[in-house]
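> Before anything else, here's the structure in question.
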Amino acid sequence: MATALHNLSQYNPADIPSGKGRTIGIVVADWNDRYTYAMRDGAIRTLLDNGVSADDIIVRHVPGSFELVYATAWMIENDEVDAVISIGCVIRGDTPHFDYICQGTTQGLAELNTKARVPVIYGLLTCNTEQQAADRTGGKLGNKGDECAVAALRMAAIAD
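So this is what it looks like as structure tokens:
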């Protein structure tokens with residue numbers, strides 16, 4: 064497992080472009096909020112630590128991970144953002160629902176990322192267990208939200 068080899072919260076600040084003057088959007092699924100809110104908070108903290116003003120972080124909430132695609136597209140069209148971080152968490156259950164949600168959301172975000180005017184950062188955790196989600200949202204493997212914020216700043220700088 065690749066994550067076991069890399070802490071999601073570790074990065075070299077010298078490698079991160081300044082967020083000063085950047086506006087970053089974050090779309091957060093409320094389903095599995097224990098994990099998605101931890102990722103949201105990690106992303107916000109990392110953006111602030113790297114120069115993004117609190118006033119320049121736009122957060123919108125959606126019911127679940129499948130709704131991330133619509134809300135991300137809406138944010139790109141209606142808010143002046145330099146990147147959008149899409150945060151969700153799907154934990155495998157007893158039915159194929161997990162597969163459909165993960166595949167649909169991933170495909171939708173990937174398509175937006177290739178066609179949108181700004182980068183879309185994939186912050187969807189697809190976990191087999193709640194422990195895996197906990198490990199990736201502030202647990203022993205760090206916080207995926209931190210990694211997403213770093214990716215947003217790095218990708219936003221590509222357009223410079």
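Heads up: the sequence shown begins at 64 in the numbering used here, then just goes up one per residue.
Even glycine gets a Cβ: it sits at the ideal position worked out from N, Cα and C.
Bear in mind the structure is a predicted one, so any value in this text is a computation, not a measurement.
For P126, which residues of its own chain have a beta-carbon under 8 angstroms away from its beta-carbon, when the five flanking residues on both sides are left out?
Taking the sequence shown and counting its residues from 1, one reaches residue 126 at position 63. A92, D93 and W94.
> State yes or no: is the C-beta of A146 within less than 8 angstroms of the C-beta of I107?
Sequence index remark: in the sequence shown, residue 146 carries index 83 (1-based). Sequence index remark: in the sequence shown, residue 107 carries index 44 (1-based). Result no, Cβ atoms of A146 and I107 do not sit closer than 8 angstroms.
> Short of 6 angstroms in beta carbon distance, which residues of its chain neighbour A117, apart from the five on each side in sequence? Order them along the chain.
As a working note, residue 117 is residue 54 in the sequence shown. None.
> Sort out for me which residues DSSP pairs V115 with in a bridge.
Within the sequence shown, the letter at position 52 stands for residue 115. V115 pairs with nothing; no bridge assigned.
> Provide the residue(s) that pair with V90 in DSSP beta bridges, ordered along the chain.
Position 27 of the sequence shown, counted from the first residue, corresponds to residue 90. DSSP, once it has assigned bridges, lists R123 and S149 as partnering V90.
> Which two residues bound the contiguous beta strand (DSSP E) that contains G22?
Past the boundaries of the shown model lies residue 22; the chain is included only from 64 to 223, so the question cannot be answered.
> Kindly indicate the opening and closing residues of the alpha helix (DSSP H) around T158.
The sequence position of residue 158 within the sequence shown is 95, counting from 1. First-last for T158: undefined, no H or E at that position.
> Exposed or buried, which one is D119 when buried takes at least 16 other CB atoms within 10 Å?
On the sequence shown, position 56 is the one that residue 119 refers to. Buried: at least 16 other Cβ atoms inside 10 Å.
> Which residue comes first and which comes last in the beta strand (DSSP E) that contains G201?
By 1-based counting over the sequence shown, the position of residue 201 is 138. From DSSP, the beta strand (DSSP E) with G201 extends over T200 to G202.
> Nearest to C152 by CA position, among Y100, N141, V181 and A136, is which residue?
In the sequence shown, counting from the first residue as 1, residue 152 sits at position 89. C152 has its Cα closest to that of Y100, out of Y100, N141, V181 and A136.
> Over what stretch of residues does the alpha helix (DSSP H) that includes L131 continue unbroken?
The residue you call residue 131 lines up with position 68 of the sequence shown. Run containing L131: L131 to N141, per the alpha helix (DSSP H) assignment.
> Assess, as a yes-or-no matter, whether the stretch 200 to 209 is touched by the stretch 171 to 184 under the definition of 3 or more beta carbon pairs within less than 8 angstroms.
At 8 angstroms Cβ cutoff, the stretches do not touch.
> I believe I89 touches I150 by the beta-carbon criterion, under 8 angstroms. Please report the beta-carbon distance rounded to the nearest angstrom.
On the sequence shown, residue 89 is found 26 positions in, with the first residue counted as 1. On the sequence shown, residue 150 is found 87 positions in, with the first residue counted as 1. With a Cβ gap of about 6 angstroms, I89 and I150 count as contacting.
> To the nearest angstrom, report how far apart D223 and I121 are at their CA atoms.
Within the sequence shown, numbered from 1, the residue matching residue 223 stands at position 160. Within the sequence shown, numbered from 1, the residue matching residue 121 stands at position 58. Near 21 angstroms, if we compare the C-alpha coordinates of I121 and D223.
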